[in-house]
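Working notes, beginning with the structure itself.
Residue numbers (full-length UniProt numbering): 1 to 525.
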C-alpha cells in the first residue's frame with residue numbers, strides 16, 4: 001500500500017509539473033500567482049528553486065507538508081463519510097472539527113443561560129466575528145454584516161430596487177444587467193422584487209468554453225454599447241466574481257470599472273464562491289455591494305456569509321426578515337433577526353485560527369488547491385479525450401472538465417442521473433453542467449465541476465476517472481450490441497468518411513450527412 005501511495009504521488013507530481021510547464025512560467029509555477037517581489041532561493045529534494053513572495057508558502061504547502069496534510073485529514077476532516085470522494089466542495093463546503101467544536105461551545109453557552117448570553121455576549125461575539133472578516137476583505141467593520149447566505153444579500157439588494165421603483169427613484173422599464181450564468185437563487189431574487197415591480201433585465205451572454213478574461217470583458221462591453229445605443233437606463237449591474245456553474249473566475253474589478261464608465265450607478269457582485277478561493281479586496285474592487293459565503297471556502301459552519309455595502313447605501317437597506325431592530329440600521333437588523341441559532345456566525349474567528357494552523361495560512365491553502373485542481377483537470381481531460389472549459393488563470397479551486405461524448409449527456413436531468421449514479425455506485429460526489437447554448441458540431445455536450453480542498457487525495461480523482469471510463473465502456477458496448485445491424489447509408493454527403501455503427505463514431509454528434517439512415521435515431525433530424 002505504501003508503494004502504491006508513493007507511485008500515485010509521483011504520478012501527481014509529474015502531472016502537476018507538466019501543467020505548470022505548459023503554462024509558460026519559467027519557474028514552472030502558476031502565472032496567476034507570480035508577483036514582482038524580491039525573490040529568494042529555497043532548497044527542495046528536486047534542487048534549488050527561485051520563488052516569488054506568495055509562491056514560497058505555495059511550494060511549502062505543495063511539496064513539504066504532505067505528512068502534515070495527511071494528519072490534518074484525519075484530525076480535522078475525519079468526520080467525513082469513510083470512502084467518499086468529495087469533489088463537490090463548491091456546493092456546501094466542509095467545516096473542520098476544530099471550528100465545529102467552537103460552534104458547539106457557542107451553542108452550549110446559549111443553551112445554558114440564553115438570557116445572560118443575549119444581554120451580555122452575543123453582540124460582542126458577533127462584532128469580533130465581523131471584525132475578523134472585515135479585516136480579511138479590507139473594509140470598515142461598520143460596512144459589513146454577517147448573514148445566513150449570499151441569497152439573503154441578493155434579496156436585500158433586490159428589495160432596494162423594488163422600493164426605488166415604488167418610490168419613484170427608478171422609472172418603470174429601467175434595467176438590471178445580469179450575466180447569463182447568474183446563480184439561480186440570485187436571478188430569482190431580482191425577478192421576484194425587480195421585474196415584478198417594473199424593471200427589465202438585460203442578460204449578458206458570457207461564452208463557455210471561454211479562453212481568456214479579455215473575452216468576458218469584451219462581451220460585457222459589447223452589451224453595454226448596445227444598451228447605450230438603445231438608450232436603456234441601467235440602474236444596477238449584477239456581476240459574478242466566480243461563476244458557480246460552470247466555474248469561471250471573472251475579471252470582476254475590471255468589469256466593475258467598465259460598468260462605471262458606462263454610467264451604471266450601482267454594482268452588486270455575487271462572490272458566493274470567492275472568499276477562500278481568491279483574494280477578496282472590496283475597497284479595491286469598488287462595487288457598491290459584495291457578498292460571499294464563508295462556509296464554502298473559508299471553512300465556516302453552514303449558514304455563515306458576509307455582505308458588504310458602501311456606507312452611502314446603508315440607510316436604505318433592510319434585512320428581508322423584519323424583527324425588533326427594524327429601522328435601527330442594517331447592522332442591528334442583521335445582528336438580530338429573531339430567536340435562532342447564531343453559533344455558525346459566532347464561530348467565524350475559529351476559521352481564521354484553523355487556517356493559520358496550516359503552514360503558509362490561507363494563501364498557501366489557496367495556492368495548493370489551485371495547483372492541484374489544475375493538474376487534476378488536465379489529467380481527467382486527457383483521460384477522457386476532452387478539455388477544460390476555462391484556462392488555468394480563470395480557475396480557483398474548481399475546474400470544469402468535459403465529459404466523454406460517448407455518454408451522450410445533454411440535459412440537466414441526465415447530469416442529475418449521472419451524479420446519482422456516481423454517488424450510489426462509486427461514492428463519488430461531483431457537480432455537472434450542460435451549456436445552455438452550443439453548436440451542433442460541438443462534441444462535448446456536458447461537463448463535470450470538480451473541486452480540490454485540503455482533505456482530497458489523488459485517489460479521489462483516479463476513482464472518478466475510472467468510474468467515468470467504466471460508464472463509457474458500458475455505454476459503448478450496449479450501444480454497439482443494440483445497433484449492430486444499423487449501418488450508415490454511405491453517400492457523398494457523409495462527412496465522417498467511413499462506415500460507422502451508430503454512436504461508435506467519435507464524430508457522430510457533428511454528423512451532417514443528409515441521407516444518413518441514423519440521423520433521426522441520433523436526434524439530428
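Think of the CB as a built atom: it goes at the ideal place given N, C-alpha and C, for glycine as much as any other residue.
Item                                                                                                                         : Value
Residue 322 burial status per 10 Å Cβ neighbour count (16 or more: buried)                                                   : exposed
Residue ranges of each beta strand (DSSP E) within the segment 143-175, 3 or longer                                          : 144-147
For residue 341, the nearest candidate out of 92, 89, 111 (CA to CA)                                                         : 111
Residue 191: CB within 8 Å of a non-hydrogen atom of the ligand ADP                                                          : Inclusion of the ligand ADP in the displayed structure is not the case, the ligand content being empty and no account of it being possible.
Rounded C-alpha distance that separates residue 398 from residue 175                                                         : 32 Å
Per-residue burial, residue 139 [other beta carbons within 10 Å of its own, 16 or more giving buried]                        : buried
DSSP-derived helix/strand/coil call for residue 62                                                                           : Its pLDDT being 48, under 50, residue 62 is placed unreliably by the model, and the measurement read from it follows with that caveat. Reduced to three states, the DSSP call for residue 62 is helix.
Three-pair Cβ contact test at 8 Å for the segment 265-274 versus the segment 413-423                                         : no
Span separating the alpha-carbon of residue 221 from that of residue 258                                                     : 7 Å
Spatial neighbours of residue 400 in its chain, beta-carbon cut-off 6 Å, leaving aside the 5 residues before and after       : 246, 247, 389, 447, 449
Other residues of its chain near residue 93: CB distance less than 6 Å, five sequence neighbours each side excluded          : 295, 296
CA-to-CA distance, residue 96 to residue 81, given in whole angstroms                                                        : 14 Å
4-residue-minimum alpha helix (DSSP H) runs that sit fully inside the segment 384-428, ordered along the chain               : 412-426
Proximity below 9 Å, CB of residue 371 to CB of residue 213                                                                  : no
Cβ-based neighbour list, residue 119, same chain, cut-off 8 Å, excluding 5 preceding and 5 following                         : none
Span of the beta strand (DSSP E) around residue 237                                                                          : 234-240
Cβ shell of residue 298 (< 6 Å), same chain only, five flanking positions each side left out                                 : 275, 276, 351
Residue 534, DSSP secondary structure in three states                                                                        : Missing from the structure shown is residue 534; the chain here goes from 1 to 525 and no further.
Pairwise C-alpha distance: residue 77 and residue 427                                                                        : 17 Å
Pick from 114, 113, 144, 116 that is closest to residue 128, judged by C-alpha positions                                     : 144
Residues of its chain near residue 338, where Cβ-Cβ distance is below 7 Å and the 5 sequence neighbours each way are ignored : 321, 323
Pair within 9 Å by beta-carbon distance, residue 468 and residue 87                                                          : no
Backbone CA spacing between residue 301 and residue 228 [nearest angstrom]                                                   : 44 Å
Pair within 9 Å by beta-carbon distance, residue 146 and residue 345                                                         : yes
Rounded separation between residue 5 and residue 379 - CA only                                                               : Residue placement at residue 5 is poorly supported in this model, since its pLDDT is 48, which falls under 50; the coordinates still yield a value, given next. For residue 5 and residue 379, the distance between alpha carbons rounds to 17 Å.
DSSP bridge partner residues for residue 293 (one or two, in chain order)                                                    : 305
4-residue-minimum alpha helix (DSSP H) runs that sit fully inside the segment 64-88, ordered along the chain                 : 66-75
Span of the alpha helix (DSSP H), counted from its first residue to its last, around residue 284                             : 282-285
Enclosing beta strand (DSSP E) for residue 451 [first to last residue]                                                       : 447-451
As assigned by DSSP and simplified to three states, the class of residue 200                                                 : strand
Distance, residue 203 Cα to residue 74 Cα                                                                                    : 45 Å
Candidates 315, 187, 85, 116: closest to residue 151 by CA position                                                          : 187
Helix, strand or coil at residue 122 [DSSP, three-state]                                                                     : helix
Check whether residue 156 and residue 396 have beta carbons under 9 Å apart                                                  : no
First and last residue of the uninterrupted alpha helix (DSSP H) at residue 106                                              : 97-112
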